[in-house]
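In terms of full-length UniProt numbering, the sequence shown has 215 at position 215, counting the first letter as 1, and numbering is strictly consecutive.
Glycine included, every Cβ here is placed at the ideal spot set by N, Cα and C.
Before any comments, here is the structure.
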Amino acid sequence: MRTIYSFTSHYPSYQKHDTTVVSSTTLKVKGIGQVEMPQNKTVIMDVADYVIPPSENNGMFVMTNFVRTNQRQSTCAENIELKQAICKNDSICSNQSFIPTMNGRWTGRCLFTPEKNIVYQTRSVITSSKGLCEYAGWCPPEDGESSMMLLQGILNFTVFIKTFLEFPLFGVKTKNMVDNLKPCIFDPIHNKDCPIYTIDYMLNQAEDNSTERDLMLRYGGFINIKLHWDCNLDRNIKLCKPKYTFSRLDAPFHEKPFSVGFNFRYSSTWKQNEEHFRTLTKAYGLRFKVTVSGNAGKFNFITLTLNIGSLIGIFGIATFVSDIIVLYISKKSGAYREHVFEKLQLETSLDETKDHSKLCVKKNEDQLLNDASNTDR
Numbered sequence: 001m002r003t004i005y006s007f008t009s010h011y012p013s014y015q016k017h018d019t020t021v022v023s024s025t026t027l028k029v030k031g032i033g034q035v036e037m038p039q040n041k042t043v044i045m046d047v048a049d050y051v052i053p054p055s056e057n058n059g060m061f062v063m064t065n066f067v068r069t070n071q072r073q074s075t076c077a078e079n080i081e082l083k084q085a086i087c088k089n090d091s092i093c094s095n096q097s098f099i100p101t102m103n104g105r106w107t108g109r110c111l112f113t114p115e116k117n118i119v120y121q122t123r124s125v126i127t128s129s130k131g132l133c134e135y136a137g138w139c140p141p142e143d144g145e146s147s148m149m150l151l152q153g154i155l156n157f158t159v160f161i162k163t164f165l166e167f168p169l170f171g172v173k174t175k176n177m178v179d180n181l182k183p184c185i186f187d188p189i190h191n192k193d194c195p196i197y198t199i200d201y202m203l204n205q206a207e208d209n210s211t212e213r214d215l216m217l218r219y220g221g222f223i224n225i226k227l228h229w230d231c232n233l234d235r236n237i238k239l240c241k242p243k244y245t246f247s248r249l250d251a252p253f254h255e256k257p258f259s260v261g262f263n264f265r266y267s268s269t270w271k272q273n274e275e276h277f278r279t280l281t282k283a284y285g286l287r288f289k290v291t292v293s294g295n296a297g298k299f300n301f302i303t304l305t306l307n308i309g310s311l312i313g314i315f316g317i318a319t320f321v322s323d324i325i326v327l328y329i330s331k332k333s334g335a336y337r338e339h340v341f342e343k344l345q346l347e348t349s350l351d352e353t354k355d356h357s358k359l360c361v362k363k364n365e366d367q368l369l370n371d372a373s374n375t376d377r
């Protein structure tokens with residue numbers, strides 16, 4: 001898939017320029033992370049586990065935190081965090097209207113949890129005074145934030161930005177990778193042409209506040225990767241290199257927006273012994289979006305001649321404007337006006353004198369010719 005962007009720029013007057021960019025960008029991540037599970041267990045995750053989906057045009061999602069719940073199709077009590085599900089009898093559950101946050105179809109029953117006997121540490125026959133409405137669907141309901149599992153080591157993951165670009169007006173194609181590129185990691189001093197960045201570097205460039213960065217890793221966020229090309233095609237195209245900038249697109253957490261971070265759910269479902277099971281995952285992470293802009297200039301004779309003509313016209317206009325300013329705006333406009341008009345009158349008088357002299361000479365010549373003609377007769 002190719003994306004087209006437009007961008008305006010200024011070039012030398014002898015160049016024709018193209019601001020239409022046709023580009024395609026892919027992002028590739030490398031890194032091994034680990035997640036600390038309950039009961040002191042550790043799960044190792046690679047790129048196939050935390051990049052969802054595996055391939056995407058001009059973008060990428062990297063999971064940094066998640067909540068995972070194993071479920072099966074049955075009936076069970078609603079989530080205790082859903083206030084509308086708290087009940088004292090069945091009528092509350094049966095008369096409840098549709099709630100967007102409910103986990104399934106309510107059966108109309110109110111389930112009470114047995115209370116624990118503090119003395120004997122056993123379950124008492126006496127039930128609690130408040131219960132939860134029962135629903136039919138995937139059980140148990142999704143765990144809350146207490147079950148979050150942070151992916152450790154993500155800041156050391158590397159992202160390879162691979163971009164191909166074309167300026168269609170000139171038919172020139174280029175890429176952001178130097179010839180004979182070797183494994184590297186971007187460094188503003190030692191490896192400034194390397195297109196491989198760490199997530200730690202991109203996150204620091206996009207967000208200055210360390211607390212905000214930690215919250216982005218926990219609840220997700222949006223980061224824009226912008227590549228801007230400024231190319232002089234009168235030189236070798238290999239000298240044209242993009243400028244990378246990283247910026248945050250989502251609202252900061254301290255502003256307390258209506259929706260914070262970025263997350264979504266996905267599941268894997270299977271069937272065993274005529275029962276349906278699934279693993280539900282709520283994924284939090286960083287959503288990377290790539291935008292490409294650029295402009296290119298190349299010598300063009302027609303552009304040069306048109307600009308020269310425009311420059312000459314500007315000189316003519318400049319003379320006219322300067323006369324207007326001096327004659328009507330300047331403090332000494334009166335003296336300048338008198339000088340101009342006096343000079344004009346003098347030139348007019350000289351022209352009239354010249355015309356009168358020519359007329360007298362012509363009359364004298366005609367008179368001499370007539371006298372000579374009469375003498376001959």
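Contact belief for residue i with residue j at Cβ below 8 Å, rounded distance in angstroms
i: V260; j: Y219; result: 6 Å
i: V290; j: V21; result: Actually they are not in contact, since the Cβ atoms of V290 and V21 sit about 12 Å apart, beyond 8 Å.
i: L233; j: F164; result: About 17 Å separates the two Cβ atoms, so there is no contact after all.
i: W138; j: Q71; result: 4 Å
Cut-off 7 Å between Cβ atoms - residues of its own chain near residue i, not counting five sequence neighbours on either side
i: K282; result: F66, V67, E142, N263 and R265
i: T107; result: T75, E134, Y135 and A136
i: D193; result: V178 and K241
Sequence-distant residues of the same chain with beta carbon closer than 8 Å to residue i, five excluded per side
i: G153; result: G31, I32, G33 and Q34
i: G309; result: none
Burial state of residue i, where buried means 16 or more other Cβ atoms lie within 10 Å
i: T279; result: exposed
i: residue 408; result: There is simply no residue 408 to check, as the chain begins at 1 and stops at 377 in what is shown.
i: F301; result: exposed
i: Y120; result: Because Y120 sits at a pLDDT of 47, beneath the cut-off of 50, its placement in the model cannot be relied upon, and the following sentence gives the value as read from the coordinates. Label assigned to Y120: exposed.
i: H17; result: buried
i: N103; result: buried
i: P257; result: exposed
i: N176; result: buried
C-beta atoms of residue i and residue j nearer than 7 Å
i: N288; j: L249; result: Reading off the sequence shown, one finds Phe at residue 288, where the question assumed Asn. No.
i: K238; j: Q15; result: no
i: T19; j: N58; result: no
i: D90; j: R105; result: no
i: V29; j: V47; result: yes
i: L132; j: A77; result: yes
i: H228; j: K243; result: yes
i: L151; j: T69; result: no
i: L286; j: V62; result: yes
i: F246; j: Q205; result: yes
i: K130; j: I185; result: no
i: I199; j: L155; result: yes
i: Q73; j: H276; result: yes
Limits of the beta strand (DSSP E) - the one that residue i falls within
i: I44; result: K41 to M45
i: S267; result: N263 to Q272
Neighbour flag for residue i against chain C, beta carbons, 7 Å
i: K130; result: The chain labelled as chain C is not found in the depicted structure, where only one protein chain is given.
Proximal residues to residue i (C-beta, below 6 Å), its chain only, five neighbours per side dropped
i: A296; result: D18, F167, C231 and L233
i: K173; result: E166
i: S268; result: T279
Boundaries (first-last residue) of the alpha helix (DSSP H) holding residue i
i: A206; result: I199 to A206
i: R218; result: S210 to Y219
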